[in-house]
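Trainee:
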Amino acid sequence: MSPSDPSSRGDDDGPVASIEDVTFAYAERPVLEGVTLDIEAGTFLGLVGPNGSGKTTLLELVLGLRRPDRGSVRLFGEPAHTFDDGERIGYVPQQSAATERMPVTVREAVTMGDDGERIGYVPQQSAATERMPVTVREAVTMGRYPHRAVGRFSATDREAIDSALDRAGIADLSDRRVGKLSGGQRQRVFLARALAAEADLLALDEPTIGVDAESRERFYGLLGDLNASGLTIVLIEHDIGVVTEHATQVACLNRHLYFDGKPEEFVHDIGVVTEHATQVACLNRHLYFDGKPEEFVTTDALAEAYGTDQHVLQHGH
1241 MSPSDPSSRG
1251 DDDGPVASIE
1261 DVTFAYAERP
1271 VLEGVTLDIE
1281 AGTFLGLVGP
1291 NGSGKTTLLE
1301 LVLGLRRPDR
1311 GSVRLFGEPA
1321 HTFDDGERIG
1331 YVPQQSAATE
1341 RMPVTVREAV
1351 TMGDDGERIG
1361 YVPQQSAATE
1371 RMPVTVREAV
1381 TMGRYPHRAV
1391 GRFSATDREA
1401 IDSALDRAGI
1411 ADLSDRRVGK
1421 LSGGQRQRVF
1431 LARALAAEAD
1441 LLALDEPTIG
1451 VDAESRERFY
1461 GLLGDLNASG
1471 LTIVLIEHDI
1481 GVVTEHATQV
1491 ACLNRHLYFD
1501 GKPEEFVHDI
1511 GVVTEHATQV
1521 ACLNRHLYFD
1531 GKPEEFVTTD
1541 ALAEAYGTDQ
1551 HVLQHGH
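Residue 1241 is where the sequence shown starts when you use my numbering, and the numbers rise one by one after that.
1. Express the C-alpha separation of LEU1462 and THR1345 in angstroms, rounding to a whole number.
2. Suppose you measure from the CA of GLY1311 to the CA of THR1276; what does that come to, to the nearest Å?
3. Looking at LEU1441: is its Cβ nearer than 8 Å to the Cβ of LEU1285?
4. Tell me the DSSP secondary structure of ILE1558 in three-state form.
5. Using 8 Å for Cβ pairs, my map puts VAL1262 next to PRO1308. What's the rounded Cβ distance?
6. Keeping to the same chain, check which residues put their C-beta closer than 6 Å to that of LEU1431; ignore five residues upstream and five downstream.
7. Looking at the unbroken beta strand (DSSP E) that takes in GLY1311, where does it start and where does it end?
8. Keeping to the same chain, check which residues put their C-beta closer than 8 Å to that of ASP1415; ignore five residues upstream and five downstream.
9. Which whole-angstrom value describes the C-beta separation of VAL1288 and ILE1259, a residue pair presumed to lie in contact below a C-beta threshold of 8 Å?
10. Tell me the residue span of the beta strand (DSSP E) that contains LEU1444.
11. With H, G and I counted as helix, E and B as strand and the rest as coil, what does DSSP make of ASP1397?
12. Measure the alpha-carbon distance for ARG1384 versus ILE1401 and round it to whole angstroms.
13. Alpha carbon to alpha carbon, what distance is there between PHE1506 and GLY1470?
14. Could you give the distance in angstroms between the alpha-carbon of GLN1489 and the alpha-carbon of ASP1452?
15. Can you say whether ARG1392 is buried or exposed, counting buried as having 16 or more other CB atoms within 10 angstroms of its CB?
16. Measure from the alpha carbon of TYR1564 to the alpha carbon of each residue in GLY1424, LEU1435, ALA1437 and ALA1491, then state which is nearest.
17. Is PHE1323 near the ligand HEM - that is, is its Cβ less than 7 Å away from at least one heavy atom of it?
18. For the beta strand (DSSP E) that contains GLN1489, what are its first and last residues?
19. Alpha carbons only, please: which of GLU1446, SER1422 and ARG1314 is nearest the one belonging to THR1322?
20. Can you find the residues in the same chain that come closer than 7 Å, C-beta to C-beta, to VAL1271, ignoring five residues on each side of it along the sequence?
21. Kindly indicate the opening and closing residues of the beta strand (DSSP E) around GLU1280.
22. Which of the three DSSP states, helix, strand or coil, is assigned to GLU1348?
23. Per the DSSP calculation, ALA1257 is bridged to which residue(s)?
24. Take THR1448 as the anchor and find which of GLN1427, THR1518 and GLY1464 has the nearest alpha-carbon.
25. Can you give the Cα-Cα distance for THR1381 and ASP1500, rounded to whole angstroms?
26. Classify PRO1373 as buried or exposed, calling it buried when 16 or more other Cβ atoms lie within 10 Å of its own Cβ.
27. I think GLY1464 touches HIS1478, with their Cβ atoms under 8 Å apart; what is that distance to the nearest whole Å?
28. Buried or exposed: ASP1397, going by 16 or more other Cβ atoms within 10 Å of its Cβ?
29. In chain order, what residues of the same chain lie with their CB nearer than 8 Å to the CB of GLU1327, ignoring the 5 residues before and after it?
30. Anyone know if the C-beta pair for ARG1433 and ALA1468 falls short of 8 Å?
31. Classify THR1472 as buried or exposed, calling it buried when 16 or more other Cβ atoms lie within 10 Å of its own Cβ.
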């Protein structure tokens, strides 16, 4: 079993993440209210909801980047805000303006894991990554820094790096400069770095914005393969087609949690959308509907898009 295979890691008791009655606000503006959600080991969770619904905030709470105003968030059994085993987490944010402002070198940013930082911060695309003066192999090697003993990398480290490059399908790019790669290829580099770090949880915030369709398909296929091997994944994604095809659990959020269950149950539950939206666009590679919610429920657009029947379920919020 390869060193970068999550199934080779010891299992913790209980969920990977446990969110209990969490409320959070920015100043006086509530973003999350009374959210309770468990993420079990080996789950591929698709987190969906409209813009401004609190998805990114919830993910940041899970990763310990923020603290809830009320309620609790536990990560691998510990309070999320005190969790310091940072190599266990790979994080691909939606935007990386923060990394562009970071007054540190690439090496300094990555070696923060040695000092107990909670998050392995992995940008999707930015001016900073486009200028990275490192090769693919060097970037993936950075994932081994938290594991490295004093001195050079060991044979185990090198095996983990080679395995990560191979699993991410970028072994043939190992001598290429990261800054010269396409957006989709860079994503695979950052995933490989998380694999080299032997991450147990991979968190992604709309990672395929601005990536071409073919690269997008390959990227999500890789995520599916990684999840099948035992890696726990939390993905924020607007494309319900992607979520229902690859996720094993769906959570629909709009300040409150309106749905938590299986993807096939979620696509039936269009009441989640029709109760709160003023406009509905049904998309699965093609646009199947664009109009008012009350008109959407009278069509077969959902069935045509996802190959399922649709039902309206009402919610108490």
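No residue lacks a Cβ here, since even glycine has one placed at the ideal position from N, Cα and C.
Mentor: Taking the coordinates as given:
1. The predicted model places THR1345 with a pLDDT of 42, which falls under 50 and marks its position as unreliable; any figure quoted below should be read in that light. Taking the straight line joining both Cα atoms gives about 29 Å.
2. 9 Å
3. no
4. Because residue 1558 is not part of the residues shown, which for the chain are 1241 to 1557, the question remains open.
5. 5 Å
6. ALA1408
7. 1310-1315
8. THR1375, VAL1376 and ARG1377
9. No, VAL1288 and ILE1259 are not in contact; Cβ-Cβ is about 16 Å, not under 8 Å.
10. 1441-1445
11. helix
12. 8 Å
13. 23 Å
14. 26 Å
15. exposed
16. Summary: the structure shown does not reach residue 1564, with the chain confined to residues 1241 through 1557, and so no result is reported for it.
17. As presented, the structure is devoid of all ligands, the ligand HEM included, so that no description of it is given.
18. 1489-1494
19. ARG1314
20. PHE1264, ALA1265, GLY1294, THR1297 and ARG1495
21. No beta strand (DSSP E) contains GLU1280, which DSSP labels as neither H nor E.
22. At GLU1348, the pLDDT of 39 sits below 50, so the modelled position is not reliable; the number obtained from the coordinates is stated separately. Reduced to three states, the DSSP call for GLU1348 is helix.
23. ILE1279 and LEU1315
24. GLN1427
25. 37 Å
26. exposed
27. So it is not a contact: roughly 18 Å between Cβ atoms.
28. buried
29. GLY1353, GLY1360, GLY1383, PRO1386, HIS1387, ALA1437, GLU1438 and ALA1439
30. no
31. buried
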